[in-house]
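Chains as they are written, first to last, in this note's numbering: chain F, 429 to 599; chain X, 429 to 599.
Number of protein chains: 2
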Amino acid sequence: MTTRWLSPEEQRAWRAYIAASALLEDTLDRQLQQEAGLPHLYYSVLATLSEAPDRRLRMTDLAEVLKITRSRLTYAVARLEKDGAVRREDCTWDKRGSIAVLTDDGMALLERTAPGHVETVRRAVFDHLDREQVEQLERICTGITKALQGDGAEAVTADDLPWRRRSCPSS
Amino acid sequence: MTTRWLSPEEQRAWRAYIAASALLEDTLDRQLQQEAGLPHLYYSVLATLSEAPDRRLRMTDLAEVLKITRSRLTYAVARLEKDGAVRREDCTWDKRGSIAVLTDDGMALLERTAPGHVETVRRAVFDHLDREQVEQLERICTGITKALQGDGAEAVTADDLPWRRRSCPSS
DNA sequence: GACACCTGGTTCAACTTTTAAACAATAACT
DNA sequence: AGTTATTGTTTAAAAGTTGAACCAGGTGTC
């Protein structure tokens, strides 16, 4: 089968994306490293936990939301635990399980550093987007995620989690 | 000053972006590692060189286009040189300079692996975007880049390079 | 031209992260 | 009961990243 190359417009968009994402990730990493002493991924772990019911999430769920491997997450949480921002608890209804819990210290760190982070994100991204573009950005990214997530899977975002199977044996 | 938090729409868009970019970078890395034996960044080095006039670019220019530090680039090019995909040449009109040149082997590698890469990008991104969205994506990303690039700087993309100062002493 | 200062690029050592594979424990299915 | 699948961690190796230090060469000034 002959290759379906990118059209010139697509190429431009793709290059713009590559540049922007590299620059953005770099900026976020530096800003957070500076202010919170954490790389972006680690901050995301805390942020995700902070919004979860009861500030706790099972490792696999957390990994799924963040789109990283469990192995990578184990490493990250180990460090966050050492920093005192996260604590691990055993899962009572599934003895294999391990639950990451945001500590008060972690919450405090988050609250202390969130404003700076949000400001960075805003300046980098949202300050120059109109309503329409914000909406498009979401749609575009959701589409990408869906495409990459194996088509059978439902979209998994933080919002889905409170009702997910592993969260709690409420049934 | 009170924090300008993200609106719910912005939050959704931001989370969608975080998820998509993590997943995308991961996918590209794996696909390219598999097919070309290179991570995405390294592939981008080759791709950028392949489009430069005479398939060569000064290190600083290359770093600027790719939005990475010179240090990081030195490391990357060192490996690519060891692989035989890139060769370094001395810059004749500026004796400090070092020029990265895409070798024939590098070009061959690129040509061999480009179809698979493009196919991945297409499936992940462009297959589910319409014309309008492609255009928006470019605009959004260009805006981000501009915002992060220090406002004084002109946008630097591969397209600008043939005419850039360091490329050639044609003046 | 001598001086100071700026740039291009590399090197180094420390560190962090990532990966993949293997593993133990537990759950779930048949 | 006996597989098979999942959860989460561990391990060792490799890779990548960083920042600072550094050299060599350019640029500008007086």
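C-beta atoms are modelled at their ideal positions from N, C-alpha and C, and glycine is treated no differently.
Looking at chain F, is there any beta carbon in it that lies within less than 8 Å of the beta carbon of residue i?
i	result
Thr502 of chain X	no
Val549 of chain X	yes
Asp457 of chain X	no
Arg592 of chain X	Summary for Arg592 of chain X: the model assigns pLDDT 48, below 50, so the residue's position carries little reliability; its value from the coordinates is reported in the next sentence. No, Arg592 of chain X lies away from the interface with chain F (no Cβ there is under 8 Å from its Cβ).
Leu576 of chain X	yes
Arg498 of chain X	no
Ala552 of chain X	yes
Leu460 of chain X	no
Leu466 of chain X	no
Asp522 of chain X	no
For residue i, list the residues DSSP reports as bridge partners.
i	result
Ile527 of chain X	X:Arg486 and X:Glu517
In chain order, what residues of the same chain lie with their CB nearer than 8 Å to the CB of residue i, ignoring the 5 residues before and after it?
i	result
Met487 of chain X	Arg498, Leu501, Thr502, Val505, Gly525, Ser526, Ile527 and Ala528
Arg507 of chain X	Tyr470
Would a check of beta-carbon distances place residue i closer than 8 Å to chain X?
i	result
Leu494 of chain F	yes
Arg483 of chain F	no
Ala491 of chain F	no
Val546 of chain F	yes
Thr431 of chain F	yes
Leu557 of chain F	yes
Below 8 Å between beta carbons: does that hold for residue i and residue j?
i	j	result
Pro467 of chain F	Gln461 of chain F	yes
Leu530 of chain F	Leu474 of chain F	yes
Cys569 of chain F	Ala444 of chain X	yes
Leu576 of chain F	Leu452 of chain X	yes
Glu463 of chain X	Thr573 of chain X	no
Val546 of chain X	Thr431 of chain F	yes
Val562 of chain F	Glu563 of chain X	no
Gly512 of chain F	Asp533 of chain F	yes
Val493 of chain X	Thr476 of chain X	yes
His556 of chain F	Gly465 of chain X	no
Grab me the residues of residue i's own chain with a C-beta within less than 7 Å of its C-beta, minus the 5 sequence neighbours each way, in chain order.
i	result
Leu456 of chain F	His468 and Thr548
Ser478 of chain F	Leu530, Met535 and Leu538
Leu434 of chain F	Trp442
Ala552 of chain F	Leu452 and Thr455
Ser472 of chain X	Leu494
Keeping to the same chain, check which residues put their C-beta closer than 6 Å to that of residue i; ignore five residues upstream and five downstream.
i	result
Ile446 of chain F	none
Glu517 of chain F	Ile527 and Val529
Glu484 of chain F	Note that residue 484 of chain F is Arg in the sequence shown, not Glu. Cβ neighbours of Arg484 of chain F beyond the five flanking positions: Ile527 and Val529.
Gly605 of chain F	Residue 605 of chain F lies beyond the residue range present for chain F, which begins at 429 and ends at 599; the question has no answer from this structure.
Gly580 of chain F	Low confidence applies to Gly580 of chain F: its pLDDT is 47, below 50, so where it sits in the model is not reliable, and the reading given next is rough at best. Nothing meets the Cβ criterion.
Arg440 of chain F	none
* Residues in the region 559-573 of chain X having any Cβ partner in chain F nearer than 9 Å -> Arg559, Glu560, Gln561, Val562, Glu563, Gln564, Leu565, Glu566, Arg567, Ile568, Cys569, Thr570, Gly571, Ile572 and Thr573
* Asked: Residues in the region 469-481 of chain F with C-beta within 8 Å of chain X's C-beta atoms, listed in sequence order?
  -> Ser472
* **Members of the region 438-451 of chain F near chain X, C-beta cut-off 8 Å** => Glu438, Arg440, Ala441, Trp442, Arg443, Ala444, Tyr445, Ile446, Ala447, Ala448, Ser449, Ala450 and Leu451
* To do: Would you list, in chain order, the members of the region 525-543 of chain X that have their beta-carbon closer than 8 Å to a beta-carbon of chain F?
  => Ala542 and Pro543
* To do: Return the residues of the region 507-519 of chain F that lie within a Cβ-Cβ distance of less than 7 Å from chain X, sorted by chain order.
  => Contact residues of the region 507-519 of chain F toward chain X are absent (C-beta to C-beta distance below 7 Å).
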